[in-house]
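Before any comments, here is the structure.
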Amino acid sequence: MSRAQWGARDYRQPNGATPYSRKRRGVKLHYLGTAYQDRNHLSCAAYVRQLQAQHMDGNGWSDIGYSFVVCTHGYVYEGRGLARRNSANGNTALNEQDYAVLLMVGSSGLTKPTNAQLDGARDAIDYCRTKGGAGTWLGGHRDGYATACPGDTVYAWAKKGAPRPKTTTPEKGLDMDKKQVFDAVWEQDALRAPSTSTTAKTNPTWKPGNALRDTYDRTNHILDAVKSLATEVAALRAEVAQLKKGA
Ligand SMILES: [Zn+2]
Ligand SMILES: [Zn+2]
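Written out as structure tokens, the structure reads:
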């Protein structure tokens, strides 16, 4: 979700706009480190806004510290994103070194990430690699810094290479390849380049990265729609099978 979608406050200038000065080695994962109870997805954005407020008003940082945040429902929230240096890894050198991705699970209460969340975190990692130029290194906040973060479960998953959880996609034919969808949406957008450059001229805050993010969001929407269609088809098939048995 873009910052506008989760209702982010503007980051402070100039520090919030500090770019990375070199390529990222990879991605570090984080957890909340506090008690966390799972919640309805409708309150997830408010929770991310609360994190941002803690970081800006409590810690005095110029923005939410993380590059990306992933809720238990698998949604990815843009924090500092791909271009602006995060402030979550412990110190400036560590922030320069790796992206910071938070999984919204606690040190007590809900401590185990959901499959949807691991799926979302995997998306975020891939996004950092393919669009942010991050290397393949993968680890946790605790690597090179004295902290329990990101907790044993998330850390073990990172060290296994963050495998995508096996989901029960019932309809093979509808199991679309994410990269193909992304490329298709991107290509379609490229055909609309004239209007995009008009946007760039009239909207001073427009950046090429926004288009990329929009494409990424739309890709996810398409895949979500396909997934729910697949679920419906499976349910209908099960009903038909039941009816046949009855007949
Ligand atoms: Zn951390
Ligand atoms: Zn959520």
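Read the sequence shown against numbering that gives the first Met the number 0 and you will find it ends at 246, with the numbers running on by one and no gaps.
Yeah, the Cβ is synthetic: ideal placement off N, Cα and C, and Gly gets one too.
Worksheet item: Whose beta carbon lies closer than 7 Å to any heavy atom of ligand 2, going through the chain in order?
Response: H40, C43, C70, T71, H72, Y74
Discussion item. Just to confirm the assignment, what range does the alpha helix (DSSP H) spanning A155 have?
Written reply: 151-158
Item to complete: Give a single yes or no on whether P149 has its beta carbon closer than 7 Å to a heavy atom of ligand 1.
Response: yes
Worksheet item: Mind checking A52: buried by the 16 CB within 10 Å criterion, or exposed?
Response: exposed
Item to complete: For Y46, name the three-state secondary structure that DSSP assigns.
Response: helix
Practice prompt. Tell me, please, which residues DSSP counts as bridged to V100.
Written response: L28, F67
Worksheet entry | Contacts around C70, its chain only, beta-carbon distance under 8 Å, and the 5 residues preceding and following it disregarded | H40, C43, Y46, V47, Y76, M103, Q116, G119
Worksheet item: Between G134 and R24, is the Cβ-Cβ spacing less than 8 Å?
Response: yes
Practice prompt. Compute the Euclidean distance between the alpha carbons of Y126 and L242, then round it to the nearest angstrom.
Written response: 45 Å
Item to complete: Assign S227 to one of two classes, buried (16 or more other C-beta atoms within 10 Å of its C-beta) or exposed (fewer than that).
Response: exposed
Fill in: Buried versus exposed, by CB contacts within 10 Å (16 or more), A3
exposed
Item to complete: Note down, in chain order, each residue of its chain lying with its Cβ closer than 7 Å to the Cβ of Q36, except the 5 sequence neighbours on either side.
Response: G108, L109
Worksheet item: Can you tell which of N219, D213, L137, A237 has the C-alpha that lies nearest to the C-alpha of S1?
Response: D213
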